[in-house]
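Note that the protein sequences, when read in sequence, are chains A and B. Under the numbering used here, the letters of the first sequence match residues 1 to 285, in that order. Under the numbering used here, the letters of the second sequence match residues 1 to 433, in that order. All residues carry an ideal CB built from backbone N, CA and C; glycine is no exception.
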Amino acid sequence: MSDGAVRSFRGEGFRIYEHKNGWAALGLRELWTYRELLIFLTWRDILVRYKQAVLGVAWAFLQPFLMMIVFTVVFNRLLGVKSPDPNLPYAVFSFAGLLPWQFFSGALSRSGVSLVGNASLLTKVYFPRLVIPISAVLAGLVDFAISFVVLMGLMAAYGLAPTWHAVFIPLFVLLALATALAVSLWLSALNVLYRDVQYLIPFLVQLWMFVSPVIYPIDKIPAGPLRIIFSLNPMTGVIGGFRWALLGQEFPGGYMWISIVAVAVLLFGGLFYFKRMERVFADVV
Amino acid sequence: MNDVVLRTVDLGKMYRIGGERQAYRTLRDTLAQAARRPIERIRHPGAAAHTSEMIWALKDVNIELGHGEVLGIIGRNGSGKTTLLKVLSHITEPTVGRAEIRGRVASLLEVGTGFHGELTGRENIQLNGAILGMTRAEIKSKFDEIVEFSEIGHFLDTPVKHYSSGMYVRLAFAVAAHLDPEILIVDEVLAVGDVEFQRKCLGRMGKVAHEGRTVLFVSHNMGAVRNLCSRVIQLTGGRITREGDPQEVTEAYLRDSLVRADSLESVEAAIAALPTDPIFRFQGIVVRQDGRPTLTVRNSEPVEIEIRYSVLERTRGFRVLFDLLDDDHNILLSSHHDDDAQSVLVVEPGEYVSTAFIPADLLAPRSYELRVRARIGNGRWLTNEGVAIPLTAEDTNDINQVFHDMLRPRLRPRIPWRTVRLSESAAYRAGDL
């Protein structure tokens with residue numbers, strides 16, 4: 001504004017705080033310097049969750065297990081949804097899909113309200129605001145790890161061993177993380193600006209599950225244009241990838257790339273949107 | 001190389017829509033508005049697209065702070081103090097102008113930011129430290145010191161939801177007190193905790209200030225501001241309206257924020273003009289001599305100050321007090337209703353009358369001002385401004401009146417004298433030798 005009148009100290013080791021318009025830089029370097037805060041907030045989320053629940057860690061075991069039982073009874077026994085491979089029990093098949101799905105849906109419901117829930121932090125301390133939704137997403141990794149152990153047990157019980165594809169699991173965990181984070185960035189920022197987004201999230205999660213191949217195998221969707229549209233949903237790629245790496249199911253092939261590109265677009269769009277909006281978070285939250 | 005570590009240039013912060021903050025919208029409103037707008041354009045083609053009330057929480061703020069300066073910021077609630085600290089802490093961005101800062105900043109806008117009731121004291125120390133910008137190594141190295149400072153002892157591994165409010169505050173301040181910044185930004189965190197701990201906090205702040213750190217300190221505690229700060233600014237309506245020597249600025253601030261009662265009848269109006277407080281209310285103040293209400297008193301007789309008030313909540317450390325000022329606004333004395341108490345009083349809710357007696361033969365024949373106030377501990381003022389009551393003392397029967405008229409002493413207590421005649425002709429004998 002008044003650069004003409006008073007010489008600025010810009011570039012003499014001073015940080016300048018002033019009004020900026022439009023798109024901001026992502027500030028990922030700054031985010032890196034705040035990694036310890038990120039770890040602490042993630043750790044807090046995990047600690048608090050298990051301390052408040054009566055059953056504690058047992059929940060993390062019980063929840064996916066019960067879901068799998070319900071899925072098997074309702075979809076497999078009553079509705080006749082079959083696993084694509086006769087040698088693969090539906091219970092294991094659905095659990096392999098539930099594993100990344102529950103991570104994703106949990107991340108969405110936690111991170112959607114994360115900024116508003118941490119309003120006292122946002123208005124009292126400075127730190128890169130990205131730390132909040134990222135920690136909300138990362139906190140789900142503990143549940144994910146526990147579910148993973150349950151799945152291993154389940155596979156062992158059915159006498160199934162993971163194939164050599166299992167070495168690619170970390171890649172698909174990363175893809176699941178990226179997907180969860182991408183959507184979380186959008187939802188958390190939107191929820192600060194439009195407070196009714198939080199009521200939309202449970203509905204969105206439910207809807208999203210039915211367009212993702214959690215309950216049914218992806219080959220129920222005919223190859224071609226419809227399959228391409230379904231693959232635009234990144235969770236289609238993530239779940240397909242998990243089933244391939246864990247159970248040796250058919251690899252989604254080219255459709256996988258559609259999902260990966262969709263994640264990249266969502267993630268970078270989300271990052272930029274978040275950075276653009278974070279300037280007003282402290283004023284409106 | 002310059003010595004400046006913090007500077008603001010024509011800094012301004014505007015909030016839209018009434019109140020202090022910009023309200024969030026709902027998606028429904030936005031959609032409805034988007035749908036209405038084209039229709040409104042057709043109906044009222046000339047109307048501005050969007051008009052909303054705008055409030056400048058800060059305007060034209062120019063501050064330059066050198067290394068090691070301790071700047072006090074005072075002003076009424078809503079004058080922009082906290083907004084200024086938030087801009088300087090990078091929490092919110094200014095609307096116009098800019099702030100330029102060099103060095104590691106720690107801001108303490110609240111005690112215990114990020115504390116979680118389910119976590120233990122130990123866990124909260126680590127978390128809060130990280131939130132305030134300490135590294136893990138720093139937290140580790142200062143951990144024992146923090147625990148000792150906080151005096152929480154063996155409650156370290158108890159969830160803080162089981163702490164008393166005093167313990168909670170002590171722990172939270174202890175973490176903050178061990179930050180090691182080059183610039184410290186503090187907002188009124190000392191208004192909490194018991195008197196003893198407040199003293200400790202002020203001591204710690206003073207130490208930080210004397211170590212050559214740069215400090216920005218917002219407070220309503222004028223005593224603390226005077227003791228700690230090297231310079232003070234007063235904000236009024238978002239602008240700097242006074243700046244300079246702590247003593248002068250705080251006195252001027254107190255003077256013009258006082259509610260004045262010019263006659264005995266107007267005391268009631270002055271009380272009504274005070275900001276309302278959730279736990280305290282004056283009911284009436286009467287100055288009497290010989291049982292009759294009056295504002296002109298004889299200095300040879302005691303003066304009775306009767307203060308009626310109600311306390312709405314059980315309060316520890318509550319006290320009513322009056323200051324006696326001369327006509328140059330020097331405080332001559334200050335007296336609290338609990339001055340005789342052996343320990344901090346806990347006051348139960350109810351209606352009270354406290355009566356003070358200014359003894360006979362204390363006042364000089366001149367005009368004074370009584371300033372009646374109430375506070376909790378040494379921190380929060382319940383009636384920041386207080387009620388000012390003019391009081392005129394008249395001399396009765398003083399053979400040295402003429403000297404007092406010349407020297408105008410501020411008080412004229414009757415000091416006991418004893419004069420003894422030692423011998424009949426000492427002077428004569430001395431001369432004789």
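Who does residue i pair with in a DSSP beta bridge?
i, result
"B/Q289", "B/R292"
"B/K13", "B/L58"
"B/L391", "B/Y368"
"B/F217", "B/G72, B/V186"
"B/I376", "B/F318"
"B/R281", "B/S310"
"B/E351", "B/S310"
"B/I358", "B/V303"
"B/L363", "B/L411"
"B/R7", "B/E64, B/E100"
"B/W381", "B/R375"
"B/P159", "B/T120"
"B/R298", "B/E394"
"A/R10", "A/F14"
Got a sec: does the ligand PLP put a non-hydrogen atom nearer than 7 Å to the Cβ of residue i?
i, result
"B/I152", "Absence of the ligand PLP is noted for the structure shown, with no ligands found whatsoever."
Please name the residue in the options whose C-alpha comes closest to that of residue i.
i, options, result
"B/N227", "B/R242, B/E248, B/I240, B/L235", "B/E248"
"B/E188", "B/L171, B/M222, B/S367", "B/M222"
"B/R204", "B/R122, B/I146, B/Y253, B/L235", "B/I146"
"B/F318", "B/S334, B/V346, B/V303, B/L325", "B/V346"
"A/L110", "A/Y199, A/V265, A/R279", "It should be noted that the sequence gives Arg, not Leu, for residue 110 of chain A. That would be A/Y199, whose Cα lies nearest to the Cα of A/R110."
"B/G68", "B/V4, B/I131, B/T296", "B/V4"
"B/C201", "B/E93, B/L85, B/F173, B/R213", "B/F173"
"A/A182", "A/V214, A/F144, A/R243, A/F104", "A/F104"
"A/I138", "A/I218, A/G97, A/L38", "First, the residue type needs correcting, since residue 138 of chain A is Leu and not Ile in the sequence shown. Per the Cα distances, A/L38."
"B/V186", "B/V87, B/E110, B/L324, B/R316", "B/E110"
"B/L333", "B/L362, B/Y309, B/E348", "B/L362"
"A/A128", "B/S89, B/P390, B/P94", "The amino acid occupying residue 128 of chain A in the given sequence is Pro; Ala does not appear at that position. It is B/S89 whose Cα lies nearest to the Cα of A/P128."
"A/L174", "A/I132, A/L267, A/L122", "A/L267"
"B/P349", "B/P246, B/R314, B/P409, B/R292", "B/R314"
"B/A435", "B/I331, B/V297, B/S141, B/L274", "The displayed coordinates of chain B run from 1 to 433. Any statement about residue 435 of chain B would go beyond what the structure contains."
"A/W43", "A/G97, A/N21, A/V131, A/Y90", "A/V131"
"B/E268", "B/R308, B/E151, B/H116", "B/R308"
"B/N128", "B/G153, B/K161, B/A176", "B/A176"
"B/L31", "A/Y194, A/G27, A/V92, A/F71", "A/Y194"
"B/V320", "B/N330, B/R380, B/D326, B/R408", "B/R380"
"B/R281", "B/S367, B/V287, B/A272", "B/A272"
"A/V149", "A/F95, A/W32, A/G240", "A/F95"
"B/D10", "B/E351, B/L84, B/G66, B/R213", "B/L84"
"B/V96", "B/G12, B/L108, B/I131, B/A360", "B/G12"
"B/A364", "B/I305, B/G386, B/V297, B/V344", "B/V297"
"A/V92", "A/L187, A/L226, A/V238, A/A161", "A/A161"
What are the start and end residues of the alpha helix (DSSP H) that includes residue i?
i, result
"A/Y199", "197 to 210"
"A/E278", "254 to 284"
"A/Y17", "No alpha helix (DSSP H) contains A/Y17, which is instead part of the beta strand (DSSP E) from 15 to 18."
"A/E30", "28 to 33"
"A/I229", "225 to 231"
"A/T179", "169 to 193"
"B/G244", "Per DSSP, B/G244 belongs to no alpha helix (DSSP H); it is in the beta strand (DSSP E), 239 to 244."
"A/F144", "140 to 157"
"A/P213", "Looking at the DSSP string, A/P213 is not in any alpha helix (DSSP H), and its letter there is neither H nor E."
"A/P234", "234 to 247"
"B/L171", "165 to 177"
"B/S423", "Premise fails: B/S423 is in no alpha helix (DSSP H) and is neither H nor E."
"A/L160", "Looking at the DSSP string, A/L160 is not in any alpha helix (DSSP H), and its letter there is neither H nor E."
"B/I271", "266 to 272"
Just to confirm the assignment, what range does the beta strand (DSSP E) spanning residue i have?
i, result
"A/V57", "Premise fails: A/V57 is in no beta strand (DSSP E) and is neither H nor E."
"B/G112", "First-last for B/G112: undefined, no H or E at that position."
"B/L235", "231 to 236"
Pull up the CB-CB distance for residue i and residue j, whole angstroms please, since I reckon it's below 8 Å.
i, j, result
"A/L41", "A/S120", "Contact flag wrong, Cβ pair sits at about 13 Å."
"B/Y98", "A/Y126", "The sequence shown places Arg at residue 98 of chain B, not Tyr. Contact doesn't hold; Cβ gap of about 16 Å is too wide."
"B/A356", "B/R371", "About 13 Å separates the two Cβ atoms, so there is no contact after all."
"B/I101", "A/R15", "5 Å"
"B/G80", "B/L58", "5 Å"
"B/L156", "B/R104", "With 8 Å as the limit, B/L156 and B/R104 do not qualify as a contact, their Cβ atoms being about 28 Å apart."
Handout entry: Segments assigned beta strand (DSSP E), at least 3 residues, entirely inside the region 306 to 346 of chain B
Key = Runs of the beta strand (DSSP E) inside the region 306 to 346 of chain B: 318 to 326, 331 to 336.
Exercise for the section: Can you check the region 50 to 125 of chain A for any alpha helix (DSSP H) of at least 4 residues that lies completely inside it and give the ranges in chain order? Expected result: 58 to 71, 90 to 112, 114 to 117, 119 to 122
Problem - Every unbroken beta strand (DSSP E) within the region 75 to 145 of chain B, with a cutoff of 3 residues, ordered by chain - result: 96 to 101, 105 to 108
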